[in-house]
Every structure is written in C-alpha cells, then in structure tokens.
Amino acid sequence: VLAASALDHFPATPQGWRSFPAPAKLNLFLHVIGRRADGYHLLQSVFQLVDLKDTIELRLRDDDGIEHHNPLPGVNPEDDLTVRAARLLQPFAPITCGVDIRVTKRIPMGGGMGGGSSDAATVLLALNRLWNVNLSRKSLMELGLKLGADVPFFIFGRNAFVEGVGEIMTAYDTPDCWFAVLHPQVHVSTPAIFKDERLTRDTPSIKMRGLNVAATRNDLQPVAVSQQPRIAESLEWLSQFGPARMTGSGSCVFTICASQSEADRVVSLVPEEMTGFVARSLQKHELSEFAD
Ligand code: C5P
Numbered sequence: 008v009l010a011a012s013a014l015d016h017f018p019a020t021p022q023g024w025r026s027f028p029a030p031a032k033l034n035l036f037l038h039v040i041g042r043r044a045d046g047y048h049l050l051q052s053v054f055q056l057v058d059l060k061d062t063i064e065l066r067l068r069d070d071d072g073i074e075h076h077n078p079l080p081g082v083n084p085e086d087d088l089t090v091r092a093a094r095l096l097q098p099f100a101p102i103t104c105g106v107d108i109r110v111t112k113r114i115p116m117g118g119g120m121g122g123g124s125s126d127a128a129t130v131l132l133a134l135n136r137l138w139n140v141n142l143s144r145k146s147l148m149e150l151g152l153k154l155g156a157d158v159p160f161f162i163f164g165r166n167a168f169v170e171g172v173g174e175i176m177t178a179y180d181t182p183d184c185w186f187a188v189l190h191p192q193v194h195v196s197t198p199a200i201f202k203d204e205r206l207t208r209d210t211p212s213i214k215m216r217g218l219n220v221a222a223t224r225n226d227l228q229p230v231a232v233s234q235q236p237r238i239a240e241s242l243e244w245l246s247q248f249g250p251a252r253m254t255g256s257g258s259c260v261f262t263i264c265a266s267q268s269e270a271d272r273v274v275s276l277v278p279e280e281m282t283g284f285v286a287r288s289l290q291k292h293e294l295s296e297f298a299d
C-alpha cells in the first residue's frame, strides 16, 4: 500500500514511462582529512541538495532486460551509472524484472555537482519500489557506495554532514537560500584531482556541532585551480559578489545569495565566455520515501 502511494506521485504515461527527478548537490565545504590504505580519501563535507535536476525516465519490462535508450555519444551503455545501478539491484528483485531507461541531462558533467551519482541514486530508489525490492535505506546506501562515493548521500535524501569516504551521513539542516553558480566550461577529472601531489590531506578534523561554514574551505580547490586556470577566473569574477567557492572536485563554483533577485542579478551579469545559473536549496530528495 505504501509502495503504491509513493509511486502515485510519478504517474506512468500511456506508453508506460514514469519520470523521476535526480537533483544536483553543492559541497558547502570539503575537507580532506586523511587517506585510506586503498587510496580513497577521508573527507568532511556538507552536501546541499539543489533544484537543478536531471530527469530519469523508467519503463518496466516483461523480460529481464536493462536497456538504455539514449546513452551519451561514445559511451558504452553498460558503463553508464544508471545501467550499472539497475544491474546492481536486479538480483534482489523477488521476480524477473527488467527496465528501459532514458536520461535527460541538465546537471553539468564534470562539474562537481554530482549528476552521475544522483542519476544512479534515483534509479536505485525508483526501482526499489517499481521492482518491489524494498531494501532498507541503509542497504540501498551500501549498494550505492559500490557505484561512487557520492551516491549514498543522494539515497540518504537530505542535506548532510558527510564523513568517511562519503558513506557516513549525519542530517544537517541548512537555511533556505539561493546560489549563483558558474560553470567555467572546463571538465575536471575527479581521480586526477585526488591523485595530484599538491593536494593536502591533513586538514584537522572538525565537529559538526557549532560548525562555522565561513571558517571552512574546499581542499580540492587549489589543486583544481592549478590544473584548470579558468576555474580561478570564475572564482575571481564571482567573488565581486561575495565569498566564492568550488563544489566537489570542480569545475563549478558558487556564491550564496540572500534572495532570488540577488542570485538572478549576479547571473544576468555573467560574461559571455562563462555560463551561469541560479540554483535554489532543497531540503529533501523527492524520492526519499522510496526507501524506509
Ligand atoms: O567514487 P567516485 O567514482 O566518485 O570517485 C572517483 C575517484 O575519486 C576515485 O577513483 C578516487 O580516485 C577519488 N576519490 C577519493 N576519495 C574519495 C572519493 C573519491 O580518493 N572519498
């Protein structure tokens, strides 16, 4: 009964497709506090959901096929995180289940806004109900971690203080606000940033209680800036309007605005060679009820 009511918000078209949102995130800060033996880094970060969204369309199949209907040019559909998410969940389905997948991308790729991870999380959450798998949120987050360090956050489904390599989540309520975001039109490779010898890995651990975001930073930013000078130009331009910071491993940078009109004004002034957009904070992922 619960499964049916959650799905009712996402009605199927006559052709059987249901559309689900995959929201982006911004990292309000990102500290690198150590490195594990396997090379993965220990982080502390606040992950903030925002209203920029990809759309994931899913259609149930009678057979056990999992098919991507609009894979990115040059990308093997089997490598796509949405297909990998469906394949990972399929063995847990009680009966033979398959799915057709279509993705509409709006979140910039290689921008540090978690688009690929969010797409994968949305597939896991939606199929958890559509296939009647009904895994717990904790189990779904553990599965998601196999796809990428940012996936558990999107399954958690609310703003969070994130630790470990990205799998330890504490709910963290942030004020409603707007962000002016700049995309410097360069693509950053996350592994290349984490591998860079200039990356500092020894920021002291902080406590969530009494956290002062203004006293934090993004430790990946100096490395990304030195690899991609256009990120520095974007940060410099944006900092006319307030403190500007990079999200994730870049390349997008943002500043927090007090009102929507202030964010609109900043974005309207963005020079032609950069792309800017307004993003609004979200408190919850619309699919957060798809896992208990
Ligand atoms: O997990 P994800 O695919 O997002 O990570 C991409 C790469 O970023 C990893 O292969 C790893 O090199 C690096 N990474 C890391 N520590 C993290 C997350 C990612 O070193 N906590």
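In the UniProt record's numbering, the protein residues as written are 8 to 299.
Where a beta carbon is used, it is the ideal one built from N, C-alpha and C, also for glycine.
Open item on the list: Quick check on Q228: buried or exposed, where buried means 16 or more other Cβ atoms within 10 Å of its Cβ?
Closed with: buried
TODO: Run the proximity test for L35: is its beta-carbon closer than 7 Å to any non-hydrogen atom belonging to ligand 1?
DONE: no
TODO: Sort N141, V110, A298, Q192 by Cα distance to H75 and report the nearest one.
DONE: V110
Open item on the list: Need the endpoints of the beta strand (DSSP E) that residue 3 sits in, please.
Closed with: Nothing about residue 3 can be reported from this structure: the residues present for the chain run from 8 to 299 only.
TODO: Can you give me the Cβ contacts of L9 inside the same chain, cut-off strictly under 7 Å, excluding the 5 residues immediately before and after it?
DONE: Low confidence applies here, because L9 scores a pLDDT of 49, under 50, leaving its location unreliable and the question unanswered by this model.
Open item on the list: Whole angstroms are fine: how far does the CA of A187 sit from the CA of R94?
Closed with: 36 Å
Open item on the list: Taking the straight line between their C-alpha atoms, what separation do you get for P78 and D87?
Closed with: 8 Å
TODO: Assign G23 to one of two classes, buried (16 or more other C-beta atoms within 10 Å of its C-beta) or exposed (fewer than that).
DONE: exposed
Task: Simplified DSSP assignment, three categories, for M253 - done: strand
Open item on the list: Just list the residues that DSSP pairs I175 with in beta bridges.
Closed with: E170
- [ ] Verify the contact flag: F54, CB atom, against every heavy atom of ligand 1, threshold strictly below 7 Å.
- [x] no
Task: Cβ pair H16, R208 closer than 8 Å - done: no
TODO: Drop a sphere of 10 angstroms on the beta-carbon of V106, count the other beta-carbons inside from all chains shown, and report buried for 16 or more, exposed for fewer.
DONE: buried
Task: Span separating the alpha-carbon of G41 from that of L206 - done: 11 Å
Task: Contained beta strand (DSSP E) runs [length at least 3] in the stretch 26-110, N- to C-terminal order - done: 48-68, 73-75
Task: E293 beta carbon less than 8 Å from that of P28 - done: yes
TODO: Output the distance between the C-alpha atoms of G171 and F201, rounded to the nearest integer angstrom.
DONE: 15 Å
Task: Cutoff 8 Å; reference V230; Cβ partners in own chain excluding five residues on either side - done: I200, D203, R205, L206
TODO: For F297, I'd like the list of residues in its chain whose CB is within less than 8 Å of its CB, leaving aside the five on either flank, ordered along the chain.
DONE: A13, L132, A133, N135, R136
Task: Close-in-space but distant-in-sequence residues of the same chain around G283 (CB under 6 Å, 5 per side omitted) - done: L189, V274, V277
Open item on the list: Is it the case that the stretch 150-157 contacts the stretch 172-179, given that we only count it when at least three CB pairs across the two stretches are under 8 Å?
Closed with: yes
Open item on the list: As a quick exercise: from F163, F168, L242, pick the residue whose alpha carbon is nearest that of S143.
Closed with: F163
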